[in-house]
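Undergrad:
2 protein chains.
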Amino acid sequence: MSAAGLKSWQAVQGEVRRRIDARVWKPGDMIPNEADLSVEFGCARATVNRALRELAQSGLLERRRKAGTRVTMHPVRKATLDIPVIRHEIEGRQQAYSHMVLTSERLKPPGDIRARMQIGPEDELLRLVSVHLADARPHVFEDRWINPRTAPNIEQVDFSALSANEWLVLNIPFERGDISFSATTAGAREAGILACREGEGLFVIERTTWRNGESITVVRQTFAPGYRMHTTL
Amino acid sequence: MSAAGLKSWQAVQGEVRRRIDARVWKPGDMIPNEADLSVEFGCARATVNRALRELAQSGLLERRRKAGTRVTMHPVRKATLDIPVIRHEIEGRQQAYSHMVLTSERLKPPGDIRARMQIGPEDELLRLVSVHLADARPHVFEDRWINPRTAPNIEQVDFSALSANEWLVLNIPFERGDISFSATTAGAREAGILACREGEGLFVIERTTWRNGESITVVRQTFAPGYRMHTTL
DNA sequence: CAGTGGTCTAGACCACAAG
DNA sequence: TTGTGGTCTAGACCACTGG
Chain A
2 MSAAGLKSWQ AVQGEVRRRI DARVWKPGDM IPNEADLSVE FGCARATVNR ALRELAQSGL
62 LERRRKAGTR VTMHPVRKAT LDIPVIRHEI EGRQQAYSHM VLTSERLKPP GDIRARMQIG
122 PEDELLRLVS VHLADARPHV FEDRWINPRT APNIEQVDFS ALSANEWLVL NIPFERGDIS
182 FSATTAGARE AGILACREGE GLFVIERTTW RNGESITVVR QTFAPGYRMH TTL
Chain B
2 MSAAGLKSWQ AVQGEVRRRI DARVWKPGDM IPNEADLSVE FGCARATVNR ALRELAQSGL
62 LERRRKAGTR VTMHPVRKAT LDIPVIRHEI EGRQQAYSHM VLTSERLKPP GDIRARMQIG
122 PEDELLRLVS VHLADARPHV FEDRWINPRT APNIEQVDFS ALSANEWLVL NIPFERGDIS
182 FSATTAGARE AGILACREGE GLFVIERTTW RNGESITVVR QTFAPGYRMH TTL
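Residue numbers (this note's numbering), protein chains in the order written: chain A, 2 to 234; chain B, 2 to 234.
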């Protein structure tokens, strides 16, 4: 039953996965410590550590100093999604990208935006409403608020040449952000802009990004019908 | 400008991030090799390697043997989503979980399911339609196909006690899977089951899982209005 | 061919937390 | 207090691939 001569961390990881899968180590069980495993497998402890560390990060194991390592009782699967710049996503499908700014204005935001961006009640933001097109057909409707304090010179940028998304990616990289995925129902406005029927279900991504503890932007992107994000587990 | 005495991989990683952020190393630039960096930072090469490896995995750097390491031209942000078992998600919100099986039958699947699960034209699958409830209110409508070849004994399982999701997680762990997120419009059936209005936009997760090169299950989960997945970037 | 990242090793010290 | 994982090190060899 024992396995010796597993000299690569991938091999160790595979053997550990196999044992968990085969219920040699059951959910909730403790597994041997790194030193013992390194002896059993005939490799260095660092190799075992690398193998187990990745399994812990992926949620299959739980590790605590002194307490040791146990098989997670109810593993939470994690999926990694790529969040592409919309132009690249469209061009990657061999379609022609373009975008249009519908409105651009400076004003005090409503309360929910103010709260999400943690700004003062008198601060003004730049609001940009735009639509991204793939082969001249509407693809995403975007409603964005930008904080001029973190993005100076934003007022001078010509967003007809470069979308706000790309300008920010290039000029104001963010340190931290949160993102959410949901669905909404097309109202008259979305239906008109995205050329779909009112009442259709639409995929929505909302994002807030931060830099040096200050918010950069809040954006809500509503996708045309049929949009789908895909990844592997 | 140089930084010496960065003795932890986190510190090295932070310094590298800082330089990329500050445009010391611009998108597309090569950066020094690991040996040189380890000298500059006053640490071992393995420490530099660990720092850079993680940055490469997160998409900020591109590394190739012999070619060296360069700053990614258009970094693709990655978001990691937790895909919880529905019962845990509901109970985590302090709500009472329950579920109901609406139909359970064995039959030959339609062509799209057959294609996605890569099974023969004569193979039969178990089809389970069910709904998960949070505090007795409908939360998810689930349409699932299960392959009896990978999940033997599935016919004998009492899914009124344990949902198919949980039974599979416990008994037939998958090796590989794909998942997609999209939106749909509630039809009469979804509206009835989820107690929402017809025509409402609903969030959808579709999953296919595999084990030993054979498909285990295909499931489509349609969430009640207002559902949202959230994570950080 | 040779330069670069990828990995393994044996040993060491440290940080944390369970008993 | 002490067992465990977390990390660093110096050195070594290997695998890939650009020139």
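Here a beta-carbon is modelled for each residue, glycine too, at the ideal position from N, C-alpha and C. Model, not experiment: these values are computed from the prediction.
Could you tell me whether the Cβ of residue 190 of chain A comes closer than 8 Å to any Cβ of chain B?
TA: Locating residue 190 of chain A in the first sequence gives position 189, where the first residue counts as 1. Residue 190 of chain A does not count as touching chain B.
Undergrad: Which partner residues of residue 160 of chain B appear in the DSSP bridge assignment?
TA: As a working mapping, residue 160 of chain B is identified with position 159 in the second sequence. Residue 160 of chain B pairs with nothing; no bridge assigned.
Undergrad: How close, in whole Å, do the beta carbons of residue 61 of chain B and residue 35 of chain B come, if the pair is a contact with beta carbons under 8 Å?
TA: For the purposes of this step, residue 61 of chain B is taken as the residue at position 60 of the second sequence. For the purposes of this step, residue 35 of chain B is taken as the residue at position 34 of the second sequence. About 16 Å separates the two Cβ atoms, so there is no contact after all.
Undergrad: How about the segment 134 to 153 of chain B and the segment 118 to 125 of chain B: do they share at least three Cβ pairs that are nearer than 8 Å?
TA: Counting Cβ pairs under 8 Å, three or more are found: they touch.
Undergrad: Check whether the segment 90 to 104 of chain B and the segment 133 to 142 of chain B touch, using three or more Cβ-Cβ pairs below 8 Å as the test.
TA: Touching, per the Cβ criterion.
Undergrad: Report the neighbours of residue 9 of chain A on chain B: residues whose CB is nearer than 7 Å to its CB, in chain order.
TA: Working through the first sequence from its first residue, we reach residue 9 of chain A at position 8. Simply none; closest approach about 16 Å.
Undergrad: Looking at the structure shown, is residue 30 of chain A part of a helix, part of a strand, or coil, going by DSSP?
TA: Taking the first sequence and counting its residues from 1, the one referred to as residue 30 of chain A is at position 29. DSSP places residue 30 of chain A in coil when its eight states are reduced to three.
Undergrad: What does residue 17 of chain A reach in chain B if we use C-beta pairs closer than 8 Å?
TA: Translated into the one-based positions of the first sequence, residue 17 of chain A becomes position 16. Here the premise fails: no neighbours, minimum Cβ distance about 13 Å.
Undergrad: Using C-beta distances below 6 Å, list every residue in its chain close to residue 107 of chain A, excluding the 5 sequence neighbours before and after it, in chain order.
TA: Position 106 of the first sequence, counted from the first residue, corresponds to residue 107 of chain A. Taken in chain order, the residues that qualify are 125 and 127.
Undergrad: Classify residue 133 of chain B as helix, strand or coil using the three-state DSSP reduction.
TA: Here the question's residue 133 of chain B lines up with position 132 in the second sequence. Of the three classes helix, strand and coil, the one that applies to residue 133 of chain B here is strand, per DSSP.
Undergrad: Does DSSP put residue 94 of chain B in a helix, in a strand, or in coil?
TA: Numbered from its first residue, the second sequence carries residue 94 of chain B at position 93. Coil.
Undergrad: Taking the C-alpha atoms as reference points, what is the distance between residue 109 of chain A and residue 22 of chain B?
TA: Position 108 of the first sequence, counted from the start, is the residue given in the question as residue 109 of chain A. Position 21 of the second sequence, counted from the start, is the residue given in the question as residue 22 of chain B. The alpha-carbon atoms of residue 109 of chain A and residue 22 of chain B are separated by roughly 30 Å.
Undergrad: My output table needs one value for residue 73 of chain A: the three-state DSSP class, helix, strand or coil.
TA: The residue labelled residue 73 of chain A in the question sits at position 72 within the first sequence. DSSP places residue 73 of chain A in coil when its eight states are reduced to three.
Undergrad: So that I know if they touch, is there some Cβ in chain A lying closer than 8 Å to that of residue 204 of chain B?
TA: For this step, residue 204 of chain B is matched to residue 203 along the second sequence. With 8 Å as the cut-off, residue 204 of chain B counts as an interface residue toward chain A.
Undergrad: Rounded to whole angstroms, what is the Cα-Cα separation between residue 65 of chain A and residue 55 of chain A?
TA: For the purposes of this step, residue 65 of chain A is identified with residue 64 of the first sequence, where counting begins at 1. For the purposes of this step, residue 55 of chain A is identified with residue 54 of the first sequence, where counting begins at 1. When rounded, the distance between both Cα atoms is 14 Å.
Undergrad: For chain B, find out if any of its Cβ atoms is closer than 8 Å to the Cβ of residue 84 of chain A; answer yes or no.
TA: As a first step, residue 84 of chain A must be located in the first sequence, where it is residue number 83. Yes, contact with chain B.
Undergrad: Check the C-beta distance from residue 200 of chain A over to residue 186 of chain A and give it rounded, since I have them as a contact under 8 Å.
TA: In the first sequence, counting from the first residue as 1, residue 200 of chain A sits at position 199. In the first sequence, counting from the first residue as 1, residue 186 of chain A sits at position 185. Correct: roughly 6 Å between the Cβ atoms.
Undergrad: Please confirm whether residue 78 of chain B has its beta-carbon closer than 8 Å to some beta-carbon of chain A.
TA: What you label residue 78 of chain B is simply residue 77 of the second sequence in a count that begins at 1. Yes, residue 78 of chain B lies at the interface with chain A (some Cβ there is under 8 Å from its Cβ).
Undergrad: Please work out which residues of its chain come closer than 7 Å, Cβ to Cβ, to residue 27 of chain A, disregarding the five sequence neighbours upstream and downstream, and give them in chain order.
TA: In the first sequence, counting from the first residue as 1, residue 27 of chain A sits at position 26. Result list for residue 27 of chain A: 72, in chain order.
Undergrad: Measure from the alpha carbon of residue 218 of chain A to the alpha carbon of each residue in A:161, A:168, A:191 and A:6, then state which is nearest.
TA: Within the first sequence, the letter at position 217 stands for residue 218 of chain A. For residue 218 of chain A, the nearest C-alpha among the options comes from A:168.
Undergrad: Could you please tell me which residues of the segment 126 to 142 of chain A, in chain order, have their CB closer than 8 Å to any CB of chain B?
TA: Of all residues in the segment 126 to 142 of chain A, none has a Cβ within less than 8 Å of some Cβ in chain B.
Undergrad: Apart from the five residues on each side of it in sequence, which residues of its chain come closer than 8 Å, Cβ to Cβ, to residue 179 of chain B?
TA: Here residue 179 of chain B corresponds to residue number 178 of the second sequence, with the count starting at 1. Hits under 8 Å: 208 and 209.
Undergrad: Locate the alpha helix (DSSP H) running through residue 124 of chain A, then write down its first and last residues.
TA: Here residue 124 of chain A corresponds to residue number 123 of the first sequence, with the count starting at 1. That residue, residue 124 of chain A, is in no alpha helix (DSSP H); it is neither H nor E in DSSP.
Undergrad: Return helix, strand or coil for residue 119 of chain B, following the three-state DSSP convention.
TA: Here residue 119 of chain B refers to the residue found at position 118 of the second sequence. Residue 119 of chain B falls in the coil class under three-state DSSP.
Undergrad: Taking C-alpha atoms, which residue in B:226, B:99, B:78 and B:12 lies nearest to residue 44 of chain B?
TA: Numbered from its first residue, the second sequence carries residue 44 of chain B at position 43. Of B:226, B:99, B:78 and B:12, the residue nearest in Cα terms is B:12.
Undergrad: Can you tell which of B:229, B:205 and B:162 has its C-alpha closest to the C-alpha of residue 102 of chain B?
TA: Here the question's residue 102 of chain B lines up with position 101 in the second sequence. Taking only the C-alpha atoms, the option nearest residue 102 of chain B is B:162.
Undergrad: From which residue to which residue does the alpha helix (DSSP H) around residue 191 of chain A run?
TA: Position 190 of the first sequence, counting from 1, holds the residue named residue 191 of chain A. Unbroken alpha helix (DSSP H) run through residue 191 of chain A: 189 to 195.
Undergrad: Are the C-beta atoms of residue 56 of chain B and some chain A residue less than 8 Å apart?
TA: Along the second sequence, one-based indexing puts residue 56 of chain B at 55. For residue 56 of chain B, the answer is no, since every Cβ of chain A falls outside 8 Å of its Cβ.
Undergrad: Assign residue 56 of chain A to one of three DSSP states: helix, strand, or coil.
TA: Position 55 of the first sequence, counted from the first residue, corresponds to residue 56 of chain A. In this structure, residue 56 of chain A counts as helix in the three-state DSSP scheme.
Undergrad: Below 7 Å between beta carbons is the criterion; list the residues of the segment 208 to 231 of chain A that meet it against any residue of chain B, in chain order.
TA: Within the segment 208 to 231 of chain A, the residues whose Cβ lies closer than 7 Å to some Cβ of chain B are 228, 229, 230 and 231, listed in chain order.
Undergrad: Just the Cα atoms here: how many angstroms apart are residue 6 of chain A and residue 206 of chain B?
TA: Residue mapping note: residue 6 of chain A aligns to position 5 of the first sequence, counting from 1. Residue mapping note: residue 206 of chain B aligns to position 205 of the second sequence, counting from 1. Near 42 Å, if we compare the C-alpha coordinates of residue 206 of chain B and residue 6 of chain A.
Undergrad: If you check the beta carbons only, do residue 204 of chain B and residue 183 of chain A fall under 8 Å apart?
TA: For the purposes of this step, residue 204 of chain B is taken as the residue at position 203 of the second sequence. For the purposes of this step, residue 183 of chain A is taken as the residue at position 182 of the first sequence. Yes, Cβ-Cβ distance for residue 204 of chain B and residue 183 of chain A is below 8 Å.
Undergrad: State buried or exposed for residue 176 of chain B, treating a residue as buried only when at least 16 other CB atoms are found within 10 Å of its CB.
TA: By one-based count along the second sequence, residue 176 of chain B stands at place 175. The residue is exposed, with fewer than 16 neighbouring Cβ atoms inside 10 Å.
Undergrad: Does any residue of chain B have a CB that is nearer than 8 Å to the CB of residue 174 of chain A?
TA: Position 173 of the first sequence, counted from the start, is the residue given in the question as residue 174 of chain A. Yes, contact with chain B.
Undergrad: How about residue 222 of chain A and residue 143 of chain A: do their beta carbons lie closer than 8 Å?
TA: The sequence position of residue 222 of chain A within the first sequence is 221, counting from 1. The sequence position of residue 143 of chain A within the first sequence is 142, counting from 1. Closer than 8 Å, so yes.
Undergrad: For residue 202 of chain B, write down the residues that DSSP places opposite it in a beta bridge.
TA: Start at 1 with the first residue of the second sequence, and residue 202 of chain B comes out as number 201. Answer by DSSP bridge pairing, in chain order: B:186.
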